[in-house]
Amino acid sequence: MQAFKVPSSETPGHTAIYRHPDFKDGTQGSECAHIKTLHDLFRHAAGTHPERDLLGARRVLSERPALSFGEYEWMGGQQALDAVDEIGSGLDHVFAQHAPAAVHGGQQPLGIYSVNRPEWLLAEFAAFRSRRYSVGICDAVGVESAEFIIGHAEVAVVVCSLDKIPRMLERLDRTPGLRAVVSMDRLDCSRPTVSTQAFSPAVTAALRERAQALGVALMDLDDVRKLGRDRPTEPTPPSPEDLYTVCYTSGTTGAQKGVMISHASAVHAGRAFWLASGQRDSTYISFIPLVHSFDRCTIHTMMFGLTRIGFYSGDMDALMDDIQTLRPTTMIAVPRLLNRIYDSVAAATVGAGGLTGMLSRIGYRRKLRRINAGRGPRHALWDRLVFGKVAARFGGRLQALFCGAASVRPEVLTFFRACLSCTVIQGYGQTECAVSGTLQLASDTAADNAGVPPPGVEIRLRSMPEMGYQVTDLPCARGELLIRGPNVSSGYLKEPAKWRESMDGSWLLTGDIAQLNPDGTITIIDRAKSIIKTGQGVWVAPERIESVYTKHPLVKSMLVHGAEDQRDLVAVVVPDAEKFVPWARRVADVRKGAAEPPLAALCAQEEVVAALLRELRELAAASGLLAAEHIAAIHCEPEPFESRCAEFQTSTYKLRRRVVLEHYQSALDGLYSDLDGSTASTITV
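Written out as structure tokens, the structure is:
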């Protein structure tokens, strides 16, 4: 039994409560218990060994004809402490002059808008120095997303990369509360980065003039640090109950929700994962967007373990080069990245032909037997002959790979365990619980579960009879996963009613259906709410998207589907036969007098399907759907869902999404296969 089952904790409709096996009392013990806030954590990470490397980044060597990067340059612990003090003091003066009013509980938000880089983290910890909280600004699904966040969180001061500034100034009418912008990059362009390629001193001078005309203060981080050095202020550290961040995540209606996370919650989550994973003195690479919770929680975990944190170059095309240059011992990844790497690596090893493929398959089988026997992932012979080259692509020193954000296919995890000769650990979490939900034990070699609760976190399941899931199901209890602990968020910003809907007393309702395995681990098997997380890490609401597309006169009904290891959405479309047939005849150029193709034949014609997809894309653009909500491919189905009423629909005519999805799974898989090959193929050895 991997998880500890709390005796006599079952209640009607609920399983027993489960805890980490080494912390059966539900606490986190005494190690590092003196750390109460992220301000404390930073001073612990930077101050324990002040001369040791802490934050690293690669300098841009040249911008043309293509970007090239040098080795990692490091900031030591004391340097980081000095930078945070100077930036924090400087920000005190910026806020006092341009945005003196408190916004939430006597605190003020600091917007941060950039790809991952040391300045992101330094700005955030500088905010904590004076009880401010961060608001990560994201534009991955469109500039409107960034503008919504700035407005909704009432952000008046933003620290950002240089490339974000022109757009913010051009669209200032949409964020009228913005008062000051601090560029992470030098406005004199004397230090090139991935964000400065389109800029020159003349361009930035024009930006300064534009900002001044609009009444927005524009300066760079060097200006702020100098202000802090010349006029230092006394720190006013946060309390554990103070907000650490408002992290925006998509909701079931597509509207973004600001999840409020306190210092106490973030520290509890980071400490939970640190105690569970045992990370100490590692080298970590940060590239999963800091604007979301996953990477920040991992960085907090690493700070407990006094880890070096290296940031990727900012160019995803150079990520593997970053990894080979940094040679990390620990990294995290999301399914889409793992599948992309799996495709190329598997094809060159166990999927290859000839002698290479034969040796790879033999070595792979031998390594799997060794792993499953509990003897570890390393094999002196086969690592030297075959898999050492694979490990070298990841720097050759990788010891632990953590996977989260969405489920990963078991064969992919198994492949990486064997080929990288490292521990591969899968976990589960949400922004609402500061990411700390469950984590596999390091000794668990299974690839089909998300582990057990980390120290100080509790889980249980509750029955969902309307979906056919009961905690009394055999052989395994099934139901909605509930999480409880100090890591759980304090609510949604300005939306207390929505937060109440997400809670059952002290338990967070995750909206995910889990299976409780006999060993106490959980496996996520479904969603309680009809929302999907795509491979981009973006939540979308299929029912809302369907309601937009079915307004098209050619469409009778549809099922929108997304996969957690896929970037795009696909759909099954049932056309309205009365309007579709004459339209499709014109598209197919059926001559008058010729035999009229039946509906099924028209639905199967490639030019008709392509034309229908173009129609739907035009509707999506006109209706204001976000890019992540656009359908990339469709299967045209001539038989209406309604004709299979008992199978496909409830008694109240609601679609049984799981049943319909299972029926069309092969067709949907075919759509993904035809798109861009982003689904990793299964290699049989």
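Numbering-wise (UniProt numbering), the sequence shown opens with residue 1 and increments by one.
Note that the Cβ used here is the ideal one computed from N, Cα and C, for glycine as well.
Where T253 falls: helix, strand or coil (DSSP): Unreliable positioning characterises T253 in this predicted model, as indicated by a pLDDT of 38, which lies under 50. The coordinate reading is nonetheless provided below. Coil at T253, not helix or strand.
query: Secondary structure at residue 736, three-state DSSP: helix, strand or coil?
result: Residue 736 lies beyond the range of the chain shown here (1 to 685); nothing can be said about it.
query: Looking at A610 and the ligand ADP, is the gap between the Cβ and the nearest heavy atom below 7 Å?
result: Absence of the ligand ADP from the depicted structure is noted, as is the absence of any ligand whatsoever, leaving it without description.
- prompt: Excluding the five sequence neighbours on either side, which residues of its own chain have a C-beta within less than 6 Å of the C-beta of R460, listed in chain order?
  reply: In its chain, beyond the 5 residues on either side, H14, T15, I17 and L482 have a beta carbon closer than 6 Å to the beta carbon of R460.
message: Less than 6 Å between C-beta atoms, sequence neighbours within five positions excluded: which residues of the same chain meet that for R484?
response: Correct list, in chain order: E458, S506 and W507.
query: At a cut of 8 Å, does the region 666-673 reach the region 558-573 through at least three beta carbon pairs?
result: Put simply, the region 666-673 touches the region 558-573. At least three CB pairs are less than 8 Å apart.
query: Apart from the five residues on each side of it in sequence, which residues of its chain come closer than 8 Å, Cβ to Cβ, to P553?
result: Spatial neighbours of P553 in its own chain (CB-CB distance under 8 Å, excluding positions within 5 residues in sequence) are listed in chain order as D576 and K579.
- prompt: What whole-angstrom Cβ distance do P192 and V60 have, given they're in contact under 8 Å?
  reply: Right, the Cβ-Cβ distance comes to about 4 Å (below 8 Å), so this counts as a contact.
Cβ-based burial, T48 [other Cβ within 10 Å; buried from 16]: With fewer than 16 other CB atoms across the displayed protein chains lying within 10 angstroms of its CB, T48 is exposed.
- prompt: Is the region 270-283 touching the region 394-405 in the sense that three or more CB pairs, one from each, lie closer than 8 Å?
  reply: Taking 8 Å as the limit for Cβ pairs, the verdict is that the region 270-283 does touch the region 394-405.
query: DSSP three-state call for Y244: helix, strand or coil?
result: It is a strand residue.
Cα-Cα separation, G76 to R52: R52 has its alpha-carbon roughly 5 Å from the corresponding atom of G76.
task: Could you tell me which residues DSSP pairs with Q515 in its beta bridges?
output: The partner list for Q515 (beta bridge, DSSP) reads R478 and T523.
query: Buried or exposed: which applies to Q665, given that a residue is buried once 16 or more other Cβ atoms fall within 10 Å of its Cβ?
result: By the C-beta density criterion, Q665 is exposed, having fewer than 16 other C-beta atoms within 10 angstroms.
- prompt: Per DSSP, what kind of secondary structure is T652 in: helix, strand or coil?
  reply: Note that T652 has pLDDT 41, beneath the 50 cutoff, so the model's placement of it is unreliable and the number below is only indicative. It is coil, neither helix nor strand.
field: Whole runs of the alpha helix (DSSP H) within the region 261-292, excluding any shorter than 4 residues
entry: Taken in chain order, the unbroken stretches of alpha helix (DSSP H) that lie wholly in the region 261-292 and span 4 residues or more are 263-277.
query: Using the beta-carbon count (16 or more within 10 Å), is E639 buried or exposed?
result: When all chains shown are included, E639 counts as exposed.
field: Contact under 8 Å by Cβ, L227 with H98
entry: No, the Cβ-Cβ distance between L227 and H98 is not below 8 Å.
- prompt: Three or more C-beta pairs closer than 8 Å, one from the region 103-115 and one from the region 157-169: is that the case here?
  reply: Judged by Cβ distances under 8 Å, the region 103-115 makes contact with the region 157-169, as three or more pairs qualify.
- request: Would you kindly work out how many angstroms separate the C-alpha atoms of E170 and E241, rounded to a whole number?
  value: Their Cα atoms are separated by approximately 37 Å.
message: Just verifying my parser: in three-state terms, what is the DSSP assignment at V659?
response: Note: V659 maps to helix in three-state DSSP.
message: Output needed for R308: all residues of its chain with C-beta closer than 6 Å, excluding positions within five of it in sequence on either side, in chain order.
response: Around R308: D53 and T283.
task: Just mark A126 as buried or exposed, buried being the case when its beta carbon has 16 or more other beta carbons within 10 Å.
output: Counting Cβ neighbours within 10 Å, A126 comes out buried, since at least 16 surround it.
Neighbourhood of R186 by C-beta distance below 7 Å, restricted to the same chain and skipping five residues each side: Closer than 7 Å at Cβ, skipping near neighbours: D220 and D222.
field: Burial state of D317 (16 or more Cβ within 10 Å)
entry: Counting Cβ neighbours within 10 Å, D317 comes out exposed, since fewer than 16 surround it.
- prompt: At what residues does the beta strand (DSSP E) containing M358 begin and finish?
  reply: Per DSSP, M358 lies in no beta strand (DSSP E); the unbroken alpha helix (DSSP H) holding it starts and ends at G354 to N372.
- prompt: Expressed to the nearest angstrom, what Euclidean distance is found between the alpha-carbon atoms of residue 687 and T445?
  reply: Any property of residue 687 remains undetermined from this structure, which presents the chain solely from 1 to 685.
query: Going straight from the alpha carbon of T236 to that of Q79, what length do you get?
result: Approximately 20 Å between the Cα atoms of the pair.
- prompt: Is F311 near A46, with beta carbons less than 8 Å apart?
  reply: A46 sits away from F311, with the two beta carbons spaced by 8 Å or more.
Reduced DSSP secondary structure (H/G/I, E/B, other) of V386: Helix, per DSSP.
Through-space distance from C603 to A610, alpha-carbon basis: Straight through space, the alpha carbons of C603 and A610 are spaced by roughly 10 Å.
query: Quick one: what's got a C-beta closer than 6 Å to L668's C-beta in the same chain, skipping five residues either side?
result: Non-local beta-carbon contacts of L668 in its own chain, meaning distances under 6 Å to residues more than five positions away in sequence, involve H561 and V570 in chain order.
message: Just to confirm, is the Cβ distance from D230 to A198 under 8 Å?
response: Not closer than 8 Å, so no.
message: Can you give me the C-alpha to C-alpha distance between D519 and Q440, rounded to a whole angstrom?
response: D519 and Q440 have their C-alpha atoms spaced approximately 12 Å apart.
query: Quick one, which of S134, D321, L178 and A628 has its alpha-carbon nearest L290's?
result: Taking only the C-alpha atoms, the option nearest L290 is S134.
task: Leaving aside the five residues before and after V103 along the sequence, list all residues of the same chain whose C-beta is less than 7 Å from its C-beta, in chain order.
output: Within the same chain, V103 has close Cβ partners P109 and E154.
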